[in-house]
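*Asks:* Take a look at the following structure, please.
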Amino acid sequence: MPDSTSSRTESSLHSGFMKLDSRIYIAGHRGLVGSAIHRELLRLGYNNLLTRSHRELDLCDEVDVDKFLSNEKPEFVFLAAARVGGILANQSYPADFIRDNLIIQTNLIESSRIAGVKRLLFLGSSCIYPRLCPQPIREDYLLTGPLEPTNRPYAIAKIAGIEMCWSYNRQYGTRYLAAMPTNLYGPNDNFDLANSHVLPALIRKTAEAKASSAKEVVVWGTGTPRREFLYSDDLAQACCFLMNLDDARFGSLLTEDSPPLINIGAGEEVTIRELAETVARVLDFHGALVFDASKPDGTPRKLLDVSLLHSLGWRRTVGLEEGIQRTWEAVRHQLAPHAVPRK
Numbered sequence: 002m003p004d005s006t007s008s009r010t011e012s013s014l015h016s017g018f019m020k021l022d023s024r025i026y027i028a029g030h031r032g033l034v035g036s037a038i039h040r041e042l043l044r045l046g047y048n049n050l051l052t053r054s055h056r057e058l059d060l061c062d063e064v065d066v067d068k069f070l071s072n073e074k075p076e077f078v079f080l081a082a083a084r085v086g087g088i089l090a091n092q093s094y095p096a097d098f099i100r101d102n103l104i105i106q107t108n109l110i111e112s113s114r115i116a117g118v119k120r121l122l123f124l125g126s127s128c129i130y131p132r133l134c135p136q137p138i139r140e141d142y143l144l145t146g147p148l149e150p151t152n153r154p155y156a157i158a159k160i161a162g163i164e165m166c167w168s169y170n171r172q173y174g175t176r177y178l179a180a181m182p183t184n185l186y187g188p189n190d191n192f193d194l195a196n197s198h199v200l201p202a203l204i205r206k207t208a209e210a211k212a213s214s215a216k217e218v219v220v221w222g223t224g225t226p227r228r229e230f231l232y233s234d235d236l237a238q239a240c241c242f243l244m245n246l247d248d249a250r251f252g253s254l255l256t257e258d259s260p261p262l263i264n265i266g267a268g269e270e271v272t273i274r275e276l277a278e279t280v281a282r283v284l285d286f287h288g289a290l291v292f293d294a295s296k297p298d299g300t301p302r303k304l305l306d307v308s309l310l311h312s313l314g315w316r317r318t319v320g321l322e323e324g325i326q327r328t329w330e331a332v333r334h335q336l337a338p339h340a341v342p343r344k
């Protein structure tokens with residue numbers, strides 16, 4: 002991406018809707034998405050950021066959430082807090098995924114309304130779209146077909162969040178926007194094999210295989226599904242860009258006739274096999290990749306249509322291989338305790 006585009010985007014952010022001293026609350030600031038948004042806001046010079054750890058504020062506690070937002074009165078809220086996980090975690094804990102996400106987003110959306118928040122950005126996931134969507138996936142494909150069974154509880158919770166934003170905008174005149182990112186990855190990702198997504202799982206498996214001089218890495222599924230991946234810092238830049246849109250352009254995303262929904266993605270896809278090969282190349286692993294077809298593939302293909310976001314003036318800047326390299330450099334010491342020879 003040319004430097005001119007990046008500099009234009011950054012210039013527009015500094016003169017955007019959010020002032021540098023605006024009170025901004027980042028819900029979930031320690032997670033993959035929230036930590037990236039927090040870093041980006043600090044990089045841009047915002048100096049009045051509100052954060053709370055889970056120990057300081059339980060987002061499933063309606064009373065505490067309402068008290069916090071009513072006392073602190075943030076002008077802007079990034080709702081990045083959620084229970085997330087890969088296929089295994091979604092299959093193992095479906096009740097937890099739908100319950101916790103419904104509670105968290107309901108508490109924050111309602112309490113933001115009471116506190117008079119000017120703008121709220123609700124972060125969801127591309128899994129909200131039907132399993133066999135036409136590709137690339139446009140925002141208006143929402144609720145046009147059956148969901149992917151392996152993450153249906155999580156997806157339904159996120160769809161409910163979109164509907165809440167839309168309903169609150171219509172009934173209360175709020176200005177809440179729902180952003181649906183594609184598959185994300187980055188330094189603060191979850192690398193626990195029991196509940197991680199595909200890319201951090203591949204990085205963890207490959208790191209351990211290399212450290213133990215293993216001859217192969219086993220990859221779930223056939224390797225044929227196609228996926229799109231976005232580096233977390235790119236997502237954070239897109240989120241700040243959206244929240245800084247002028248009133249007219251931001252308002253154009255909040256019509257009464259359709260959900261206040263926008264896709265955030267890279268606009269490119271790779272097969273899981275190509276992804277595993279890229280991880281092996283970045284980590285300098287020379288063993289074999291073995292695909293376990295007995296494990297689920299998930300959705301066959303998932304590529305977001307990001308033409309709406311592009312039309313507003315934002316595009317991703319970090320390519321997949323560069324993003325994996327950045328992620329590996331950031332987490333290699335974190336993964337070192339796990340990367341020991343197997344007995």
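Residue numbers for the sequence shown, in the numbering used here: 2 to 344. Glycine included, C-beta positions come from ideal geometry on N, C-alpha and C. All values derive from a computational prediction rather than experimental measurement.
1) Among the residues of its own chain, which have a CB less than 6 Å from the CB of residue 82, if the five just before and after it don't count?
2) Going by C-alpha distance, which of 116, 331 and 26 is nearest residue 234?
3) Can you tell which of 285, 310 and 256 has its C-alpha closest to the C-alpha of residue 266?
4) Taking Cβ positions, are residue 297 and residue 88 nearer each other than 9 Å?
5) According to DSSP, is residue 159 part of a helix, a strand, or is it coil?
6) Would residue 140 pass as a contact of residue 259 if the rule is Cβ separation under 9 Å?
7) Just the C-alpha distance for residue 144 and residue 151, rounded to the nearest angstrom, thanks.
8) Along the chain, where does the alpha helix (DSSP H) containing residue 82 start, and where does it finish?
9) Residue 227 and residue 272 look like a contact to me (Cβ under 8 Å); what is the Cβ gap, rounded to whole Å?
10) Residue 118 bridges to which residues according to DSSP?
11) Let's see if you can read the secondary structure: which residues bound the alpha helix (DSSP H) around residue 72?
12) Under 8 Å: do the region 147-163 and the region 106-115 share three or more Cβ pairs, one atom per stretch?
13) Can you name, in chain order, every residue of its own chain whose Cβ lies under 8 Å from the Cβ of residue 157, other than the five neighbours on each side?
14) What distance in whole Å lies between the Cβ atoms of residue 243 and residue 180, which are believed to be in contact at a cut-off of 8 Å?
15) Contact between the region 167-177 and the region 115-128: three or more CB pairs below 8 Å?
16) Which of the three DSSP states is assigned to residue 339 in this structure?
17) Pick out whichever of 270, 154 and 206 has its Cα sitting closest to the Cα of residue 129.
18) Report the residue ranges of all alpha helix (DSSP H) runs contained in full by the region 191-241; include only those spanning at least 4 residues, in chain order.
19) My output table needs one value for residue 28: the three-state DSSP class, helix, strand or coil.
20) Beta-carbon within less than 8 Å of residue 325's beta-carbon, same chain only, minus the 5 sequence neighbours each way: which residues are those?
21) If distances are taken between C-alpha atoms only, which option among 111, 322 and 171 comes closest to residue 67?
22) I need the DSSP call for residue 47, collapsed to helix, strand or coil.
23) Which parts of the region 288-320 are runs of the beta strand (DSSP E), unbroken and 3 residues or longer, counting only runs that do not cross its ends?
24) DSSP state of residue 181, grouped into three classes?
25) Return the chain-ordered list of same chain residues with a C-beta closer than 8 Å to the C-beta of residue 291, the five sequence neighbours on each side being excluded.
26) Here's a check: name, in chain order, each residue in its chain whose Cβ is nearer than 6 Å to the Cβ of residue 304, leaving out the five neighbours to either side.
*Replies:* This is what the structure gives:
1) Position 81 of the sequence shown, counted from the first residue, corresponds to residue 82. Contacts found: 28, 29, 60 and 105.
2) Residue 234 sits at position 233 when you count from the first residue of the sequence shown. Closest option to residue 234, Cα to Cα, is 331.
3) As a working note, residue 266 is residue 265 in the sequence shown. When only C-alpha atoms are compared, the closest one is 310.
4) Counting from one through the sequence shown, the residue named residue 297 turns up at place 296. Counting from one through the sequence shown, the residue named residue 88 turns up at place 87. Yes, Cβ-Cβ distance for residue 297 and residue 88 is below 9 Å.
5) Here residue 159 refers to the residue found at position 158 when the sequence shown is read from its first residue. Of the three classes helix, strand and coil, the one that applies to residue 159 here is helix, per DSSP.
6) Start at 1 with the first residue of the sequence shown, and residue 140 comes out as number 139. Start at 1 with the first residue of the sequence shown, and residue 259 comes out as number 258. Yes.
7) Against the sequence shown, residue 144 aligns to sequence position 143. Against the sequence shown, residue 151 aligns to sequence position 150. Each residue's Cα considered, the two are about 17 Å apart.
8) Translated into the one-based positions of the sequence shown, residue 82 becomes position 81. Segment: none, residue 82 is in no alpha helix (DSSP H) and carries neither H nor E.
9) Here residue 227 refers to the residue found at position 226 of the sequence shown. Here residue 272 refers to the residue found at position 271 of the sequence shown. Contact holds; Cβ gap of about 5 Å.
10) Residue 118 sits at position 117 when you count from the first residue of the sequence shown. Beta-bridge pairing links residue 118 to no other residue.
11) By 1-based counting over the sequence shown, the position of residue 72 is 71. From DSSP, the alpha helix (DSSP H) with residue 72 extends over 63-73.
12) Between the region 147-163 and the region 106-115 there are three or more C-beta pairs closer than 8 Å, enough to call the two in contact.
13) Here residue 157 is taken as the residue at index 156 of the sequence shown, counted from 1. The residues are 99 and 148.
14) Start at 1 with the first residue of the sequence shown, and residue 180 comes out as number 179. Start at 1 with the first residue of the sequence shown, and residue 243 comes out as number 242. Indeed, because the Cβ distance is near 6 Å, the residues count as touching under 8 Å.
15) yes
16) Here residue 339 refers to the residue found at position 338 when the sequence shown is read from its first residue. Note that residue 339 has pLDDT 49, beneath the 50 cutoff, so the model's placement of it is unreliable and the number below is only indicative. If DSSP states are grouped into helix, strand and coil, residue 339 belongs with coil.
17) Against the sequence shown, residue 129 aligns to sequence position 128. Closest by alpha carbon: 154.
18) 199-212
19) Here residue 28 refers to the residue found at position 27 of the sequence shown. Correct three-state label for residue 28: strand.
20) Numbered from 1 along the sequence shown, position 324 holds the residue referred to as residue 325. Residues 186, 200, 204, 279, 280 and 283 of the same chain have their beta carbon placed closer than 8 Å to that of residue 325, with the five preceding and five following residues left out of the count.
21) Along the sequence shown, one-based indexing puts residue 67 at 66. Among 111, 322 and 171, the Cα nearest to that of residue 67 belongs to 111.
22) As a first step, residue 47 must be located in the sequence shown, where it is residue number 46. Coil at residue 47, not helix or strand.
23) 289-293
24) Residue 181 sits at position 180 when you count from the first residue of the sequence shown. Three-state DSSP puts residue 181 in a strand.
25) Here residue 291 is taken as the residue at index 290 of the sequence shown, counted from 1. The residues are 217, 218, 219 and 220.
26) Along the sequence shown, one-based indexing puts residue 304 at 303. Scanning its chain for C-beta atoms nearer than 6 Å, with the 5 sequence neighbours on each side dropped, one finds around residue 304 the residues 136, 137, 229 and 270, in chain order.
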